[in-house]
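Colleague: In this text, residue positions in the sequence shown follow the working numbering: the first is 1, and each later residue adds one.
I have a structure here, written as structure tokens, and I will follow up with some questions on it.
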Amino acid sequence: MMRRWLLLAAALIVCVTNVVALGLGLLNRRNATAGAITLTERELPTMSLGPESTATILRIQWTSQETEGFPCDKIRPLGFTCPNGPSTGDSREFRQPQRKGYVVLEYDGPAWEIIRKRRETEEAEFAARNPTRTPGDFWGANRLSRLVPIDIGADPEALRRTYPDASRYLITTARIGAHQANSLSTITGFITELMPSTINVPLPFSRTIQERDAAQAAGPPKSWMPRYTVTLQYGRSLEPWIVDVHR
């Protein structure tokens, strides 16, 4: 008798959990104000879950700017403490917990163009020093995500007003860390994780991704091209869902 009640209780918990998840999903999508953004395999590569898994999961991938990070005036509103002047203490003594914030990721814009040009210059210099290496196999820049973090803040609506074009600027929740940027112990912020960082691909969209041309992956880095595009929509709670997938 007790076992039967335990099974019923477990089934009830599962049902309630599914109903709550469905309700939150509907609230997220209801009256979503942001537009859609279309990304490629470079920004949304698949995650390997093992040969027995039938699920298709995409990982949101970004490329960091090669700078010292976000300055104090950007991370103070998130709850970080910044010194009024350069610290003279040992940099290893600085510890602050990560904070929740919101990040603006620019897609295929000026920030990415700076990274691309820098990588091409470094690759050319590498090729000049190593003439026997195959062109393009140093950085593999053709596979890099063109999503680049350009701003952070504590208010996603304020960020959206500053960056209104949702087809170019993706705004999502993130975990932000802080560290000492240089020998003067200046505090700067950096992104440690996007939340969510993965997206489940439902049917029938998952078939398009699973049936992508696998032969193209075997080519040299310079010839590699993304094999699918994914259109995402972010809802009121900044949870994404897939609108469309194309080869």
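Glycine included, each C-beta is placed from N, C-alpha and C at the ideal position.
Any chance the region 193-204 sits against the region 109-129, with 3 or more Cβ pairs inside 8 Å?
Modeller: Flag = no, the region 193-204 and the region 109-129 do not touch.
Colleague: Looking only at its chain, what residues have a beta carbon closer than 6 Å to the beta carbon of L144, apart from the 5 residues adjacent to it on each side?
Modeller: Correct list, in chain order: T63.
Colleague: Between the C-alpha atoms of G50 and I209, what's the straight-line distance to the nearest angstrom?
Modeller: Going by the C-alpha atoms only, they are around 16 Å apart.
Colleague: By the 10 Å Cβ neighbour count, where 16 or more other Cβ atoms means buried, how is T172 classified, buried or exposed?
Modeller: The residue in question, T172, is buried, as its Cβ has 16 or more Cβ neighbours within 10 Å.
Colleague: Might you give, ordered along the chain, the residues of its own chain that have their beta carbon closer than 6 Å to the beta carbon of R250, omitting 5 neighbours on each side?
Modeller: Outside the shown range of the chain (1 to 247) lies residue 250, about which nothing can therefore be said.
Colleague: Compute the beta-carbon to beta-carbon distance between L170 and Y107, rounded to the nearest angstrom, for a pair I have assumed lies under 8 Å.
Modeller: About 6 Å; that satisfies the 8 Å criterion.
Colleague: When we look at the beta-carbon of A174 and count the other beta-carbons within 10 Å, is it buried (16 or more) or exposed?
Modeller: Under this definition A174 is a buried residue.
Colleague: Count the other CB atoms within 10 Å of the CB of V243; is the residue buried (16 or more) or exposed (fewer)?
Modeller: V243 is exposed by the Cβ-count criterion.
Colleague: Taking a contact to mean a Cβ-Cβ separation below 9 Å, would you say P149 touches Q65 in this structure?
Modeller: Their beta carbons are under 9 Å apart, which means P149 touches Q65 by this criterion.
Colleague: Can you find the residues in the same chain that come closer than 7 Å, C-beta to C-beta, to G25, ignoring five residues on each side of it along the sequence?
Modeller: Confidence in G25 is poor, its pLDDT being 43 and thus under 50, which makes the residue's placement too unreliable to answer from.
Colleague: How would you write the range of the alpha helix (DSSP H) that Q233 sits in, first residue to last?
Modeller: First-last for Q233: T229 to Y234, but that is the beta strand (DSSP E), not the alpha helix (DSSP H).
Colleague: Which residue or residues does DSSP assign as beta-bridge partners of R175?
Modeller: Paired residues: K100 and E193.
Colleague: Beta strand (DSSP E) containing D73: first to last residue?
Modeller: Premise fails: D73 lies in the alpha helix (DSSP H), C72 to I75, not in any beta strand (DSSP E).
Colleague: Out of S206, A154 and G189, which has the shortest C-alpha to C-alpha gap to W241?
Modeller: If we check each option's Cα against that of W241, S206 comes out closest.
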